[in-house]
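Asks: For reference, the structure I am asking about is given below.
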Amino acid sequence: MGSRALRSSSSRFLSTKPRDIFIRTIFFTPELSKPVALKAAVEPGVAKLTGARFHLSRFCCHDHLFISGNWRMPLVKVEKSQRSDSSILVALLPALFLGLSSTPAMAEDSSTELTETDLGGLRKIDDGSVVSNIHTSKWRVFTDNGRDLFLQGKLEDAERLFVGALQEAKEGFGERDPHVASACNNLAELYRVKKAFDKAEPLYLNAISILEESYGHDDIRVGAALHNLGQFYLIQNQLDEAHACYERALKIKRRVLGEAHADYAETMYHLGKVLDLQGNEKDAEALIKDSINILEEGGQGGSFLYTRRLRTLVQIYIKSNKLTEAINIQRKILQSMEVSKGWDSLETVIAAESLALILQSSGSLIEAKELLQRCLVSRRKLLPEGHIQIAANMLHLARIELLLFNQTNKDTSKATIALDNARDLLCNAIRLARQVLDKLKKQGENHKSYEASRTDTHSQHTALLILLQALNTLSQLEVTKSELHEKTMLNSDAEKALLDCISAFRQFGSEKGLSNFGDIKGEYLSCLKHLSSLLKTSKINSLNNSRKPTLEEVQNEIKRVEANNTKPYQR
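Just so you know, full-length UniProt numbering puts the end of the sequence shown at 571, numbered straight through with nothing missing.
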């Protein structure tokens with residue numbers, strides 16, 4: 001599928017006029033103590049919904065905001081237009097999900113502060129056409145309280161309330177009412193976070209079925225629900241199912257919202273991601289570039305979503321070995337960050353580090369080293385002493401030094417300096433990673449919050465991966481140093497680094513199942529193979545101690561790990 005086939009030049013904008021109807025999109029970030037709301041007037045170019053003077057703005061499914069749990073909390077507040085029909089507004093309200101969706105809502109402007117009134121769910125309509133009884137009241141209370149518990153990581157308590165909200169919606173509004181679709185969506189999202197996928201899928205499907213019955217198969221609310229279902233399939237790597245959902249959602253959004261709308265571009269972007277995972281890099285690139293162009297044309301060229309999609313495009317270029325294109329886009333990202341945030345922002349540091357790593361792959365080692373050195377200076381200024389990002393930065397710099405060593409033409413003095421610099425960086429990275437792992441291991445049992453546990457698992461995974469990589473790299477450095485000084489028969493320092501790598505895997509790998517992560521297991525396997533190679537070539541028993549395994553033991557362990565290495569990397 002080509003992107004130009006999806007964007008018809010004859011219908012870039014749909015002719016409508018703005019209305020005095022607003023939608024509040026609520027999102028949560030770790031940096032804020034309270035939610036932030038965007039009050040956005042409905043734009044020109046948004047299709048009119050049949051039978052109502054009501055225009056739908058960006059109420060659904062934006063790109064992931066990287067917060068813990070990948071949650072979205074879209075609430076809606078609808079203010080009546082003087083020209084609108086109240087009874088029709090009431091019919092439209094329930095389908096705008098009040099709960100959690102699979103993709104966080106991203107507001108472009110967070111200047112409007114949320115008030116308590118905004119958390120009250122549906123507003124009372126003066127003509128009394130909203131169904132109101134004990135069940136509908138309980139539905140609202142259960143939904144609000146369940147949402148709050150969800151955000152606190154109290155998933156069991158939230159589940160009980162969401163189950164109750166679903167039952168109350170059925171009894172208060174009727175089994176096939178759109179309020180029931182909202183309740184199904186909320187409960188499905190909770191099950192998704194709990195990875196109870198078998199429970200979540202029927203709820204997603206039921207929500208879509210209800211919306212189709214209520215509003216038709218090509219209604220925008222059906223498109224939004226299909227997008228959510230596509231995201232549900234995508235996180236499980238069910239690519240064919242995700243493709244079908246996104247493709248249908250894209251057709252609906254194109255017809256209703258038009259090809260210039262951000263929601264249309266957002267579904268296009270996700271379909272592009274699926275195509276990339278399916279190996280169709282050409283069409284994936286075209287779709288993602290088109291989604292980026294739509295944001296540019298809509299005045300969102302400097303937005304979070306825009307930058308995030310550029311990063312995805314960079315990754316596609318790297319996979320396709322289009323390093324020149326990847327470097328150009330990454331430079332654009334870095335320049336934007338430097339202008340908007342400066343070097344006192346970790347976002348700028350991360351953008352610079354990403355550029356450095358691509359430059360390293362392309363052979364531009366000096367520029368890559370300069371960028372990484374600047375990143376290290378900024379991280380030491382911005383982060384607490386001993387932060388794991390500092391260790392990662394040191395590991396990257398050490399690898400650059402090793403690559404620069406290969407360009408010294410065996411000039412012993414220059415080569416020794418490069419290797420010594422790399423060794424110092426690796427030893428510091430190893431020390432910091434161990435400190436982080438020891439600290440997390442001690443405090444792990446004190447966390448009872450689901451979200452705190454997820455955060456710790458991610459931190460432990462990162463620290464262990466850096467530790468294993470640094471030890472593995474250190475062993476290679478020691479071998480190189482021995483060869484430089486023609487001490488090829490003695491690699492005791494290299495062996496020690498590899499044995500430390502094996503020990504670290506066994507010590508920390510059992511924590512939270514880290515040994516089952518594909519990248520952790522892969523680094524451990526690499527360590528074993530390097531040790532096996534050393535043991536085969538070494539003619540001197542360089543380490544005579546009880547913890548040193550025999551060649552046969554190492555080879556047997558390699559076979560065991562390879563036999564069990566079918567489990568994919570866990571997220």
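We put the beta carbon where it would ideally sit given N, CA and C, even for glycine.
Please identify the residue among R506, R147, H461, I288 whose C-alpha is closest to the C-alpha of R160.
Replies: Working through the sequence shown from its first residue, we reach residue 160 at position 160. Answer by Cα proximity: R147.
Asks: Taking a contact to mean a Cβ-Cβ separation below 7 Å, would you say I400 touches A352 in this structure?
Replies: Here residue 400 corresponds to residue number 400 of the sequence shown, with the count starting at 1. Here residue 352 corresponds to residue number 352 of the sequence shown, with the count starting at 1. No. Outside cutoff.
Asks: Which same chain residues end up closer than 8 Å to K306 when comparing Cβ atoms and leaving out the 5 residues on each side of it in sequence?
Replies: Residue 306 sits at position 306 when you count from the first residue of the sequence shown. The sequence given here places Tyr at residue 306; Lys does not occur at that position. Answer for Y306: I292, L295, E296, Q300, listed in chain order.
Asks: Output needed for C60: all residues of its chain with C-beta closer than 6 Å, excluding positions within five of it in sequence on either side, in chain order.
Replies: Within the sequence shown, residue 60 is the residue found at index 60, counting from 1. Bear in mind that the predicted position of C60 carries a pLDDT of just 35, short of 50, making it too unreliable to give a figure here.
Asks: May I have a chain-ordered list of the alpha helix (DSSP H) segments no shorter than 4 residues that lie completely inside the stretch 146-205?
Replies: Entirely contained in the stretch 146-205, the alpha helix (DSSP H) runs reaching 4 residues are, in chain order, 155-173, 178-193.
Asks: If I measure Cβ to Cβ from G509 and keep anything under 6 Å in the same chain, skipping five residues before and after, which residues do I get?
Replies: Reading the sequence shown from its first residue, position 509 is the one you call residue 509. Correct list, in chain order: S515.
Asks: Looking at C501: is its Cβ nearer than 7 Å to the Cβ of L471?
Replies: Start at 1 with the first residue of the sequence shown, and residue 501 comes out as number 501. Start at 1 with the first residue of the sequence shown, and residue 471 comes out as number 471. Yes, these two residues count as a Cβ contact at 7 Å.
Asks: For L383, does the three-state DSSP call read helix, strand or coil?
Replies: For the purposes of this step, residue 383 is taken as the residue at position 383 of the sequence shown. Looking at L383 - three-state DSSP - the assignment turns out to be coil, as it is neither helix nor strand.
Asks: By how many angstroms is the C-alpha of R309 removed from the C-alpha of I235?
Replies: The residue given as residue 235 occupies position 235 in the sequence shown. The residue given as residue 309 occupies position 309 in the sequence shown. Roughly 18 Å between the two C-alpha positions.
Asks: Do you know offhand how far Q554's Cα is from L531's?
Replies: As a first step, residue 554 must be located in the sequence shown, where it is residue number 554. As a first step, residue 531 must be located in the sequence shown, where it is residue number 531. The question names Gln, yet the displayed sequence has Val at residue 554. Looking at the two C-alpha atoms, the distance is approximately 8 Å.
Asks: What separation, rounded to the nearest whole angstrom, lies between the Cα atoms of N564 and K529?
Replies: Within the sequence shown, residue 564 is the residue found at index 564, counting from 1. Within the sequence shown, residue 529 is the residue found at index 529, counting from 1. Taking the straight line from one Cα to the other gives about 16 Å.
Asks: Which value, in whole angstroms, describes the spacing of the CA atoms of K273 and K319?
Replies: As a working note, residue 273 is residue 273 in the sequence shown. As a working note, residue 319 is residue 319 in the sequence shown. Distance between the alpha carbons of K273 and K319 is about 13 Å.
Asks: Using only the alpha-carbon positions, how far apart do R140 and D240 sit?
Replies: Counting from 1 along the sequence shown, the entry for residue 140 is found at position 140. Counting from 1 along the sequence shown, the entry for residue 240 is found at position 240. Whole-angstrom Cα-Cα distance: 36 Å.
Asks: Measure the C-alpha to C-alpha separation of Q476 and C375 and round it to an integer number of angstroms.
Replies: What you label residue 476 is simply residue 476 of the sequence shown in a count that begins at 1. What you label residue 375 is simply residue 375 of the sequence shown in a count that begins at 1. Going by the C-alpha atoms only, they are around 25 Å apart.
Asks: Give the secondary structure of T408 by DSSP, where H, G and I count as helix, E and B as strand, and everything else as coil.
Replies: The residue given as residue 408 occupies position 408 in the sequence shown. Looking at T408 - three-state DSSP - the assignment turns out to be coil, as it is neither helix nor strand.
Asks: Taking only the alpha-carbon atoms, compute the straight-line gap between S503 and E486 and give it to the nearest angstrom.
Replies: On the sequence shown, residue 503 is found 503 positions in, with the first residue counted as 1. On the sequence shown, residue 486 is found 486 positions in, with the first residue counted as 1. Each residue's Cα considered, the two are about 29 Å apart.
Asks: Determine the extent of the alpha helix (DSSP H) in which S533 is found, giving its start and end residues.
Replies: By one-based count along the sequence shown, residue 533 stands at place 533. Here the alpha helix (DSSP H) through S533 covers 518-537.
Asks: Return helix, strand or coil for L122, following the three-state DSSP convention.
Replies: Counting from 1 along the sequence shown, the entry for residue 122 is found at position 122. Interpretation of L122 is limited by its pLDDT of 28, a score under 50 that renders its predicted location unreliable; no figure is taken from the coordinates.
Asks: Return yes when the Cβ of Y204 is within less than 7 Å of the Cβ of A188, no when it is not.
Replies: By one-based count along the sequence shown, residue 188 stands at place 188. By one-based count along the sequence shown, residue 204 stands at place 204. Yes, the Cβ-Cβ distance between A188 and Y204 is below 7 Å.
Asks: Please report the distance separating the alpha-carbon of V256 from that of N145.
Replies: For the purposes of this step, residue 256 is taken as residue 256 along the sequence shown, with counting starting at 1. For the purposes of this step, residue 145 is taken as residue 145 along the sequence shown, with counting starting at 1. V256 and N145: Cα-Cα distance of roughly 34 Å.
Asks: In its own chain, which residues sit with a C-beta less than 6 Å from the C-beta of L119, not counting the 5 before and 5 after it?
Replies: Taking the first residue of the sequence shown as 1, we reach residue 119 at position 119. For L119, the predicted structure reports a pLDDT of 31, less than 50, and the residue's modelled location is therefore unreliable. A value from the coordinates is still provided. Excluding positions up to five away in sequence, the list is empty.
Asks: How is G299 classed by DSSP in three states: helix, strand or coil?
Replies: Sequence index remark: in the sequence shown, residue 299 carries index 299 (1-based). In the structure shown, G299 sits in coil (DSSP, three-state: anything other than H, G, I, E or B).
Asks: Considering only the alpha carbon of each residue, which of K559, R560, L535 lies closest to K548?
Replies: Residue mapping note: residue 548 aligns to position 548 of the sequence shown, counting from 1. The shortest C-alpha separation from K548 is found at L535.
Asks: Going by C-alpha distance, which of F304, K559, T473, E511 is nearest A262?
Replies: Numbered from 1 along the sequence shown, position 262 holds the residue referred to as residue 262. Selected option, being the one with the closest Cα: F304.
Asks: Please classify T412: is it buried, with 16 or more other beta-carbons within 10 angstroms of its beta-carbon, or exposed?
Replies: Counted from its first residue, the sequence shown places residue 412 at position 412. Classification for T412: exposed.
Asks: Looking at the C-beta of A563, does it have a partner C-beta in chain B at a distance below 7 Å?
Replies: Going by chain labels, chain B is absent from the structure shown, which holds only one protein chain.
Asks: Comparing alpha-carbon positions, which option in A392, R192, D283 lies nearest L467?
Replies: Translated into positions along the sequence shown, residue 467 becomes position 467. Measuring from the Cα of L467, the nearest candidate turns out to be A392.
Asks: Does the Cβ of E385 have 16 or more other Cβ atoms within 10 Å, making it buried, or fewer, making it exposed?
Replies: As a first step, residue 385 is located in the sequence shown; it is residue number 385 there, counting from the start. By the neighbour-count rule (16 or more Cβ atoms within 10 Å), E385 is not buried but exposed.
Asks: In whole angstroms, give me the CA-to-CA distance for T416 and T457.
Replies: Counting from one through the sequence shown, the residue named residue 416 turns up at place 416. Counting from one through the sequence shown, the residue named residue 457 turns up at place 457. So the two alpha carbons sit approximately 38 Å from each other.
Asks: Near residue 591, which residues of its chain fall below 6 Å by C-beta distance, leaving aside the five closest residues on each side in sequence?
Replies: Residue 591 is absent from the model: the chain starts at 1 and stops at 571.
Asks: Roughly how many angstroms separate the alpha carbons of S86 and L149, rounded to a whole number?
Replies: Along the sequence shown, read from residue 1 onward, the residue named residue 86 stands at position 86. Along the sequence shown, read from residue 1 onward, the residue named residue 149 stands at position 149. Reliability of the predicted coordinates at S86 is poor, the pLDDT of 31 falling under 50, and the value obtained from them is presented with this limitation in mind. Taking the straight line from one Cα to the other gives about 33 Å.
Asks: How big is the Cα-Cα spacing for L419 and A429?
Replies: Stepping through the sequence shown from its first residue, residue 419 is reached at position 419. Stepping through the sequence shown from its first residue, residue 429 is reached at position 429. Those two C-alpha atoms are separated by around 15 Å.
Asks: How far does the alpha helix (DSSP H) with A352 in it reach, from first residue to last?
Replies: The residue given as residue 352 occupies position 352 in the sequence shown. Here the alpha helix (DSSP H) through A352 covers 346-362.
Asks: How about L425 and L365: are their beta carbons less than 7 Å apart?
Replies: Along the sequence shown, one-based indexing puts residue 425 at 425. Along the sequence shown, one-based indexing puts residue 365 at 365. It is not a contact, given that the beta carbons lie outside the stated cut-off.
Asks: Between K322 and L226, what straight-line distance do the alpha-carbon atoms span, to the nearest angstrom?
Replies: As a working mapping, residue 322 is identified with position 322 in the sequence shown. As a working mapping, residue 226 is identified with position 226 in the sequence shown. One C-alpha to the other measures close to 33 Å.
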